[in-house]
Each structure stands twice: as C-alpha cells, then as structure tokens.
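In order, the protein sequence lines correspond to chains A and B.
Under this note's numbering, the very last position in the first sequence is 333; numbers go up by exactly one each time.
Under this note's numbering, the very last position in the second sequence is 1229; numbers go up by exactly one each time.
All C-beta atoms in this analysis are idealised placements derived from N, C-alpha and C, irrespective of residue type, glycine included.
Shown next, in structure tokens, is the structure this report addresses.
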Amino acid sequence: MGKQVLISGSNLERVLAEGHFAVTVEIGPPMDCNAETVIQKAQLLKGIADAFNITDNQTGVVRLSSIASAALIIEEGLEPVMQMTCRDRNRLAIQSDILGAAALGIKNCLCIAGDHQSFGAAGKLKGHPGAKNVYDIDSIQLVSVLKGMRDNGVQQGGDPIEKRPPLFIGAAWTPLGDPVEIRPLRLRKKVEAGADFIQTQGVFDIERFSEQMKIIIEMGLHEKTAILAGIIVPKNLGMLRYMNSSVAGVTVPDSLIERMEHARASAGEDKVLARKNQEEEGIKITVELIKQVSGITGVRGVHIQAIEWEHKVPEILKKAGLVPRPVLEKKGG
Amino acid sequence: MIVAERKTLNEIKSFVDNYRKLLIVGCGTCATVCLAGGETEVKVVASGLRIGFLKEDKEIEILEDCITRQCEPEFIEPLVEKIKSQEVEAVLSLGCGVGVNFLADKLENVPVFPGVNTKFFGAAVEPGVWVEMCAGCGNCILDLTGGICPIARCSKSILNGPCGGSKDGKCEISPDVDCGWKLIVNRMKQIGTLHKLEEIIPPRDWSTSHHGGPRRVVHEGLINQLPQE
Chain A
1 MGKQVLISGS NLERVLAEGH FAVTVEIGPP MDCNAETVIQ KAQLLKGIAD AFNITDNQTG
61 VVRLSSIASA ALIIEEGLEP VMQMTCRDRN RLAIQSDILG AAALGIKNCL CIAGDHQSFG
121 AAGKLKGHPG AKNVYDIDSI QLVSVLKGMR DNGVQQGGDP IEKRPPLFIG AAWTPLGDPV
181 EIRPLRLRKK VEAGADFIQT QGVFDIERFS EQMKIIIEMG LHEKTAILAG IIVPKNLGML
241 RYMNSSVAGV TVPDSLIERM EHARASAGED KVLARKNQEE EGIKITVELI KQVSGITGVR
301 GVHIQAIEWE HKVPEILKKA GLVPRPVLEK KGG
Chain B
1001 MIVAERKTLN EIKSFVDNYR KLLIVGCGTC ATVCLAGGET EVKVVASGLR IGFLKEDKEI
1061 EILEDCITRQ CEPEFIEPLV EKIKSQEVEA VLSLGCGVGV NFLADKLENV PVFPGVNTKF
1121 FGAAVEPGVW VEMCAGCGNC ILDLTGGICP IARCSKSILN GPCGGSKDGK CEISPDVDCG
1181 WKLIVNRMKQ IGTLHKLEEI IPPRDWSTSH HGGPRRVVHE GLINQLPQE
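Put into structure tokens, the structure is as follows:
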C-alpha cells in the first residue's frame, strides 16, 4: 500500500498508512460510573498499542458507555476505537452519538451488530434478557451510514452535515464463522460499504485462518482494508474449552487445549500453582499466536482481547516484540 | 397462520374471578388449527373454570361458543348481539389478539379478556411445532433472500447477514433456533442465486411496519364494488 491521503487524523490510521504492523487492545468499561476504573486501565496500557477499543455493552451487559469511556481515555493520552453496536440504538441515536463522538475527539469507530441481549444472562449476571433490541440497521449498513456522513456529508435520511465527522471506520469479521463459505463475501460487503480497517474474531486455528486469508488475498480485499487479526488471551483450560465449544466462529485446535491441560496437570494437587501454570501457558500461547498471525500475508496488525486481564497485555506485547509502538508526527487531521 | 398458545387456567381465572356470567368464545380459523382456541379448547377452559369456581363455592354461569372467524364483521356481529341480549357480564376470547381487539371495539360496556397469547405468523413444521416465518413488516423482500425471511427468522433481523454468531447452523441465542441466514445461504445455493448476496441491501424503510404507526390496508376495488348508500 502506497502513501495515501489520511482521512481521520487517527493515530491508528497513520500507523497503518506508514506500513507499521498495528496493535489495538480492548478495554472493557466497568458496570458502574467509576471513571477511575477506566482511567487506571488506560494508565496501565498507555503506550503499548496504537489505539484501544472500548466495548459497547459487551455481551449485552450494561456498562459505562463506550462514548464516555472513549472520552476518558483521550484525557489520559490514549486513542480510542469507540465500538458501536446496532443492538441498542436506532439510526437516529447512532448518528447523534457519532456526531457527539467526533465532537469529543474520537477518531475511530468499530461498527458491530452486537451480541443478542439474551447473552447478558448467559453467565453469572442477570443482564437484561427481556430488553427490546433495535437492529434498525445492521453492521454493514452502519459502516455505509458512517461513510456517507464522513465522505458525502449527509445523514442517512439525506439531510446535509456541515462539519463532517472525520472517522476511521472499522468493522468486525468472523473468518471462521458458520457458514464459512460466505465469510469472504461478507468481508467484501463490509469493505465495499467503507470499512477502512477490520478486527477479526479471535484466531486460534492458524491453519484455517490462513486458508480464509488466501481467499481474501485472491479477492484483493487486503489492499482495500487493513486486517487486524483478533487475539483472545486464554487464561485457563476452562476458558479455552468454553471458547472452543460455545463461542461462535472460534475453534481451538486440540494441540492448544492439550498444552493447557498439561499446564494444569503438571501442578498436581496444588491449585495455586495450577492457576499460575495455566496463566503462563496462556501468555505463551498468546505470544505464539501473535507471531504466527503476523507471518500471514494480508494481516496488518493484531487486536488483543484480554477480558478482565488487561494488565497482562503489556507483558504479552513486550514478549511479542511489539512495543514500543511507533510515535508518529501528527499531520493534518 | 397466526399462531397462539393458550394462557394458563390460573391466569384466565384471575381475569374473570368477579363475574357471574361469562361467555367463552373460540375462533374457528387460526386459533383452532394451532390448538389454542377452537371449539375443543373452549370446552376445556369452560370445564376447568367451572371446577375452579366450584372448589371455591362460587357460582358462575359459563356460556360457550365458537365462531368461524373473530376478525370479520359477518361472524362477529351476530355474536355481539347474542352477548347483549343474554346480558353476558364478561367475554373471554380464545381468538388471537385481533379477535379480542375487534370484540372490544364493538362491545361497549362488556369487558373482553384474552384467553391465549398470540405469538406470531408461522407454519407447522411438524405436528405440534410451529415456527415463526413472517414478521408482517409491510414490504416484502423475500425476492432478495431466496424466500427465507431475515426479518422474521434472524434474531437480529439483519439484512446483510449472517452475523458472527452462527454456530453449526444455529443462532447464538439458542441451540434450538436455526440461524436464519444459514437457511438463506443454503436456500440460495440450492436455487443458484447465491450471487445475489453480493449486493449490499441498504437500510430499509421501517415505516411500512408497525414502526410507521398502526397500519391499514384499503382495497379500492372492493370499496368501489359495494353498493353506494
């Protein structure tokens, strides 16, 4: 990819445009209004990634809003990727929040459908499974709406926008989701709709992911969008097994599960040691996965998700040789 | 058809506890076919209520009826006359929500209660199992999706699916729910129209659905055929 005109003033965009291997890291906001929780995570992670995703009521659980959390981490000197689901807002609320986000200095937005609200009650929490969902527009339509706002200066309904929101537009992709043969086509639709960057569902099965990436390269999509491979940090055997059996689009190869089994078993009866061993193995696996995906043609960065384990991310990225991050001079924007 | 499910006797009884003369009216069309509110169910509910009231030493007179359709004046008007002439104190409709509404519109001071929960527009996929297939959104797009509806059959009503939540052909909300988009993809493959999915379906106009307010359909042809007063 040659030099291109920067459209958003986003650091993530600049890092990608200059040909660096990009790193984004996910931050989950708290279930209360404690700004300190977000700020502490921001301080812990500052400087280790090019941008930081803020989840939007992830798994259908009410949390401090994505837009407010994003504004809080800007104060700390981090660049947010505001996640925006189609589950909770209609097109009026979405566009209003986009204008608000841009006014607050948010420069990246990830457009996603959002987990169904029934997920909120799937674990230990009660959630709001009885909530009415919205899905006025879907994630691909959301991408196109943002592109229309940014590039054409129009709202979805057709009214003009005088000061356009300069956003770097992202979308998610589940490369191994079912039905797998439709996934490359769906990525193409996201790219055609206007996705500047893609963050994938967590990749564990490097072989099958590589196969999908080959198709993407044949389609030329890797040149039209920047694909960041998703990396979920496995904390223990239970989590790895759960992701394999229950998380859509995620398959974990037996070899990784066996490694984790071994890590646990090697501690014998010592539960504390078993936990420590699994955590260490999880970090080792993560670092390996990062190195493996970075070797796949068409992958231009990684997106790290360490769910409620964000403090381990600096260590992981150091071991993967991805810090320090490039510090780039701001131009325009 | 419109698929409904009978409410529990306890809930029904709580509605009509304070009335002494009740009419239970079934509907001979959809509610009959889905075994929620036809002639048989009217008898079952009436017997259940009689036993319930008897246990409490309460007296209640229960009339039973079942009309062809509760959604048309030709069937409902004679019923309204009957309710008035027999001084029925309350009506329990085992028709779908349309029947309850239509009766309520016409019954002035006589209360109408629902005896069923109206669920959806669906089909019987096997004996005793009905599945939602149409959302009545007012602007059919089935030409674009191989005849399988993404609005009714995808949990997120996504028009450019499937989302990332599909697993082994099932939706992320439950292993009992088929992924509507998997059905669409399979169907379009079958009929050789998978390429149609390459086109992005733009945001749709939901004003044709309930989001545009309560709807009405006017058939000009029929209106013009009617004798002028």
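Near chain A, meaning a CB-to-CB distance below 8 Å, the residues of the stretch 1145-1165 of chain B are S1155, K1156, S1157, I1158, L1159, N1160, G1161, P1162, C1163, G1164, G1165. B/S1014 sits exposed, since fewer than 16 C-beta atoms from the chains shown fall within 10 Å of its C-beta. Between A/V272 and A/I198, the alpha-carbon positions lie close to 38 Å from each other. Pairing A/G301 with A/G249 gives a Cβ-Cβ distance that is not under 7 Å. Against chain A, the CB of B/K1167 has a partner CB under 7 Å away; the residue lies at that interface.
Nearest in C-alpha terms to B/F1120, of all of B/E1074, B/R1153, B/Q1225, B/P1202, is B/R1153.
Taking the beta carbon of B/V1185 as reference, the chain A residues within 7 Å of it are P179, I182, listed in sequence order.
Excluding the 5 residues flanking it on each side, A/H222 has same chain C-beta neighbours closer than 6 Å at I216, G298, in chain order. Take the alpha-carbon of A/G28 and the one of A/D254: they are about 29 Å apart. Between the C-alpha atoms of A/L92 and A/Q58 there is a straight-line separation of about 21 Å.
Annotation for B/C1171: S1155, V1177, C1179 place their beta carbon closer than 6 Å to its own, counting only its chain and skipping 5 residues before and after. Around the beta-carbon of A/D136, 16 or more other beta-carbon atoms lie within 10 Å, marking it buried.
For B/I1141, the nearest beta carbon of chain A is not closer than 7 Å to its own beta carbon. Sixteen is the threshold: when 16 or more other Cβ atoms of the shown chains lie within 10 Å of the Cβ of A/T24, as they do, the residue is buried.
The C-beta of A/T174 comes closer than 7 Å to at least one C-beta of chain B. Within 10 angstroms of the beta-carbon of B/D1205 lie fewer than 16 other beta-carbons, which makes it exposed.
Using beta-carbon distances, B/P1175 does not count as an interface residue toward chain A, since no partner is under 7 Å. Identification of residues in the stretch 138-160 of chain A having a C-beta nearer than 8 Å to some C-beta of chain B yields D138, S139, I140, Q141, S144, V145, Q156, given in sequence order. Nothing from the stretch 1054-1079 of chain B brings a Cβ to less than 9 Å from some Cβ of chain A.
Contact annotation: B/I1173 and A/H303 have beta-carbon atoms that are not nearer than 7 Å.
Checking the DSSP bridge columns, you'll see A/Q199 partnered with A/A172, A/L228. At a Cβ-Cβ threshold of 7 Å, A/I48 and A/S69 do not count as neighbours. Runs of the alpha helix (DSSP H) spanning 4 or more residues and lying entirely within the stretch 5-85 of chain A occur at 11-17, 35-45, 66-75, in chain order.
Comparing alpha carbon positions, the residue from A/E211, A/L125, A/Q83 closest to A/N108 is A/Q83.
Contact residues of the stretch 102-116 of chain A toward chain B are I112, A113, G114, D115, H116 (C-beta to C-beta distance below 9 Å). Rounded to the nearest angstrom, the gap between the Cα atoms of B/C1034 and A/D97 is 45 Å. Around the Cβ of A/M31, a 10 Å sphere holds fewer than 16 other Cβ atoms; the residue is exposed. Secondary-structure assignment with DSSP links B/D1065 through a beta bridge to B/V1025.
Flagged as an interface residue toward chain A: B/K1182, by a C-beta distance shorter than 7 Å.
Take A/V323, set aside five residues on each side of it, and the residues of its chain with a beta-carbon closer than 6 Å to its own are I48, L317, in chain order. Counting the other Cβ atoms within 10 Å of the Cβ of A/G220 gives fewer than 16, which makes it exposed. For B/V1129, the uninterrupted beta strand (DSSP E) segment begins and ends at 1129-1134. DSSP, reduced to helix, strand and coil, places B/N1117 within a strand of the structure shown.
Only residues of its own chain outside the window of five on either side were considered, and among them M219, L221 have a CB closer than 8 Å to the CB of A/R188, listed in chain order. By the neighbour-count definition (other C-beta atoms within 10 Å, threshold 16), B/T1040 is an exposed residue. A/V61 is not a Cβ neighbour of A/C111, given a cutoff of 7 Å.
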